[in-house]
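Numbering (the UniProt record's numbering), first residue to last: 1 to 265.
Where is the CB? At the ideal position from N, CA and C, for every residue including glycine.
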């Protein structure tokens, strides 16, 4: 089995590695991170080897996952460039940075996967959009990539031109969903519920609703209609949400996220 290395141990890097511990031998995983004290703690907790430098991690890994913040991305690519070559496979998790840009900074290296996971990967309910040039990868590579990403949720391969949209729709959107859950639970508090009870009920309502979309295959508008009785409470709430521009607010938020991905704001 390929040896998988992680550069960066933030929320996403840690979530992915914790999932891979369930499907890979710990000896086949290694990582580095910017804060040695955090690296030691992760090593003690997981048993995965913490290496001393990005260069060493890149040298030893067959599959290298770059899970660092965009602000340090160029520096990290410069550090590992001498170690990248041959059959090694590089997975870039950076939003807004294209495969071509990563390739150029790695001296023209071509075996690059661009991926956008999200934080629900921490509980193996992530959604990851990925893209890569099929001609650069074998059937075995593609199978190993699928196994990797499916270990912490769902995966969908898309054209690279859609990756900024992926950042909006699944990469950043958990933050929007958390805001909705918090607002909905505040409504429960307003009408006399304890915050903890309201949060549990709101979160479960969203979880169940999401599963209905995924498992029934029904369009969300049809599922919404099934909840709305003629002249009832739900349609009254839907009408109020439409009046206050609920859909437009969501679209506006998505637009801001998309433009940021593209460097327009």
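- [ ] Could you give the DSSP three-state label for residue 34: helix, strand or coil?
- [x] Here DSSP, grouped into helix, strand and coil, assigns residue 34 to coil.
Task: Selection from 27, 16, 18, 232 that minimises the alpha carbon distance to residue 2 - done: Ranking 27, 16, 18, 232 by Cα distance to residue 2 puts 27 first.
- [ ] List the endpoints of the continuous beta strand (DSSP E) containing residue 92.
- [x] Residue 92 -> beta strand (DSSP E) spans 89-92.
Open item on the list: Below 8 Å, how does it come out for the stretch 43-55 and the stretch 15-22: are there three or more Cβ pairs, yes or no?
Closed with: Look at the beta carbons and you see the stretch 43-55 touching the stretch 15-22: at least three pairs across the two are nearer than 8 Å.
- [ ] Select from 183, 73, 72, 91 the residue whose C-alpha is nearest the C-alpha of residue 16.
- [x] Selected option, being the one with the closest Cα: 91.
Open item on the list: For the ligand GDP, is there any heavy atom lying closer than 7 Å to the beta carbon of residue 86?
Closed with: The ligand GDP is absent from the structure shown, which contains no ligand whatsoever.
Open item on the list: For the beta strand (DSSP E) containing residue 66, name the first residue and the last one.
Closed with: Element bounds for residue 66: 63-66.
Open item on the list: Does residue 234 come out as helix, strand or coil in the three-state DSSP assignment?
Closed with: Looking at residue 234 - three-state DSSP - the assignment turns out to be helix.
Task: Distance between beta carbons of residue 60 and residue 30, contact taken as under 8 Å - done: The pair is a contact, with the Cβ atoms about 6 Å apart (cut-off 8 Å).
Open item on the list: Between the alpha carbons of residue 53 and residue 32, how many angstroms are there, rounded?
Closed with: Pairing residue 53 with residue 32, the inter-Cα distance amounts to about 6 Å.
Open item on the list: With a threshold of 8 Å between beta carbons, is residue 59 in contact with chain D?
Closed with: Given the protein chain composition of this structure (a single chain), no chain D is represented.
Open item on the list: Let me check understanding here. Comparing Cα to Cα, which of 222, 110, 118 lies closest to residue 282?
Closed with: Outside the displayed range of the chain (1 to 265) lies residue 282, so it cannot be described from this structure.
TODO: Taking residue 73 as the reference, give the member of 221, 230, 102 with the closest Cα.
DONE: Ranking the options by Cα distance to residue 73, first place goes to 102.
Open item on the list: I'd like to know if the stretch 120-128 and the stretch 145-155 are in contact, where contact means that at least 3 CB-CB pairs between them fall below 8 Å.
Closed with: Contact annotation: the stretch 120-128 touches the stretch 145-155, with at least three C-beta pairs closer than 8 Å.
TODO: May I ask you to verify whether the stretch 159-174 touches the stretch 84-99, counting CB pairs closer than 8 Å and requiring at least 3?
DONE: The stretch 159-174, when compared against the stretch 84-99, does touch it at the 8 Å Cβ threshold.
Open item on the list: Tell me the DSSP secondary structure of residue 113 in three-state form.
Closed with: Looking at residue 113 - three-state DSSP - the assignment turns out to be strand.
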